[in-house]
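Working notes, beginning with the structure itself.
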Amino acid sequence: MKNDILTLAIQKSGRLSEGSVSLLKKCGISIQNGRSHLKARANGFPLELIFLRDDDIPQYVEDGVAAAGILGLNEVMEKKRNVSIVKKLGFSRCRLSVAVPKDVDYTGSEFLSNKRIATSYPEILKSYLEDRGLNAEIHPISGSVEVTPGLGLADAIFEIVSSGGTLLSNGLKEVETVLKSEAVLIARPELPEETGKLLEQLLFRIEAVQRAANNKYILLNAPSEKLDDIVSLIPGIKSPTIMPLAEKGWYSLHSVISEQDFWEVIDNLRESGAEGILVVPIEKMVG
Ligand code: ATP
Ligand code: MG
5 MKNDILTLAI QKSGRLSEGS VSLLKKCGIS IQNGRSHLKA RANGFPLELI
55 FLRDDDIPQY VEDGVAAAGI LGLNEVMEKK RNVSIVKKLG FSRCRLSVAV
105 PKDVDYTGSE FLSNKRIATS YPEILKSYLE DRGLNAEIHP ISGSVEVTPG
155 LGLADAIFEI VSSGGTLLSN GLKEVETVLK SEAVLIARPE LPEETGKLLE
205 QLLFRIEAVQ RAANNKYILL NAPSEKLDDI VSLIPGIKSP TIMPLAEKGW
255 YSLHSVISEQ DFWEVIDNLR ESGAEGILVV PIEKMVG
């Protein structure tokens, strides 16, 4: 592992690749020679990308071939390698669930006792069953797990679900959600100092991008007698900017509000007499 450059493993092609490349782009990092090669130097950061199957990323990071990687939390938990989860990234969200044929009268996880369960996540399933003191036959399968009950090969499955469409079309219903997953940034637990600093810098950029995505810039007009009430509703990062309008007795207020309580704040602002409310996206939010 070179020290003056951060080696980051990302999925070569699949459900994580677009989100990974797009996140890097928002961090000002672009890829020079595309994804057709195994490796690529990035522009805008001392970064080298390695393109791999997501299954291989935990091992490459544990072995130090890459200092860090981006992949689904589900795959990190399944592979049980010695890697640290540095940051949740908020894309490629899905869940790992137990599903059974839709006409089964499922009353609880005891149903799984002594049943055959097909899965491509045998390790996570094993822990789940052990935690509940259940004994079942785990059938590890690498793909098309959803068809196994219909073929008479399994009584239940344990698989990735996102919309539930695949389950439905195979006559299955989701009965237990075991793990909620999303893309995560992982890293080797012990990194050389230089590499650790580069990882911190990358993390700083990722956090600025995430904060921006979670916040909106708001501009509004308020009459002077309502100013105090309205200011208390939009405290902003430090406090809102207040500027007088050309019309006497009116002010323009600028602030930042979080996406989470967006509608509640907007409703309260309107009730308090705010007018001409404009809400605009923020590209980066630093510190
Ligand atoms: P690879 O060839 O790299 O091994 P793969 O076939 O194992 O790819 P993908 O189907 O591309 O994997 O899924 C990669 C990851 O994306 C999954 O491990 C999971 O974290 C997430 N994921 C899977 N299915 C979905 C989905 N339907 N919606 C959102 N995220 C998903
Ligand atoms: Mg894979």
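Numbering-wise, my numbering comes out as the position in the sequence shown, counting from 1, plus 4. Cβ atoms here follow ideal geometry from the backbone N, Cα and C, with glycine treated the same way.
Starting from the C-beta of residue i, find all residues in its chain whose C-beta is less than 6 Å away, skip the five residues before and the five after it, and write them out in chain order.
{"i": "Lys119", "result": "Ala140, Asp159, Ala160"}
{"i": "Ser259", "result": "Ile222, Ile238, Gly240, Pro244"}
Using beta-carbon positions only, say whether residue i and residue j come within less than 8 Å of one another.
{"i": "Ile164", "j": "Leu75", "result": "no"}
{"i": "Ala71", "j": "Leu10", "result": "yes"}
{"i": "Ile61", "j": "Lys43", "result": "no"}
{"i": "Arg45", "j": "Lys16", "result": "no"}
{"i": "Ile35", "j": "Gly73", "result": "no"}
{"i": "Ser24", "j": "Ala187", "result": "yes"}
{"i": "Thr123", "j": "Leu129", "result": "yes"}
Closest to residue i by CA distance: which of the options is it?
{"i": "Val90", "options": "Tyr110, Val65, Asp109", "result": "Val65"}
{"i": "Arg215", "options": "Lys30, Leu155, Lys16", "result": "Lys30"}
{"i": "Asp103", "options": "Asp59, Val69, Glu150", "result": "The question names Asp, but residue 103 is Ala in the sequence shown. For the residues Asp59, Val69, Glu150, the minimum Cα distance to Ala103 belongs to Glu150."}
{"i": "Asp59", "options": "Leu51, Leu77, Thr181", "result": "Leu77"}
{"i": "Gly68", "options": "Glu211, Pro196, Gly137, Ile246", "result": "Pro196"}
{"i": "Lys336", "options": "Pro248, Leu202, Trp254", "result": "The question about residue 336 has no answer, for the chain in this structure spans 5 to 291."}
{"i": "Glu204", "options": "His41, Asn47, Leu51", "result": "Leu51"}
{"i": "Ser146", "options": "Phe49, Glu79, Val108", "result": "Glu79"}
Report the three-state DSSP secondary structure of residue i (helix, strand or coil).
{"i": "Ala226", "result": "strand"}
{"i": "Pro196", "result": "coil"}
{"i": "Met289", "result": "coil"}
{"i": "Glu211", "result": "helix"}
{"i": "Ala158", "result": "coil"}
{"i": "Gln63", "result": "helix"}
{"i": "Arg57", "result": "coil"}
Can you have a look at residue i and say buried or exposed, based on whether 16 or more other CB atoms are within 10 angstroms of its CB?
{"i": "Val283", "result": "exposed"}
{"i": "Lys220", "result": "buried"}
{"i": "Ala250", "result": "exposed"}
Excluding sequence positions up to five away, which residues of its chain have a Cβ less than 8 Å from the Cβ of residue i?
{"i": "Ile234", "result": "Leu224, Ala226, Leu257, Leu273, Ser276, Gly277, Ala278"}
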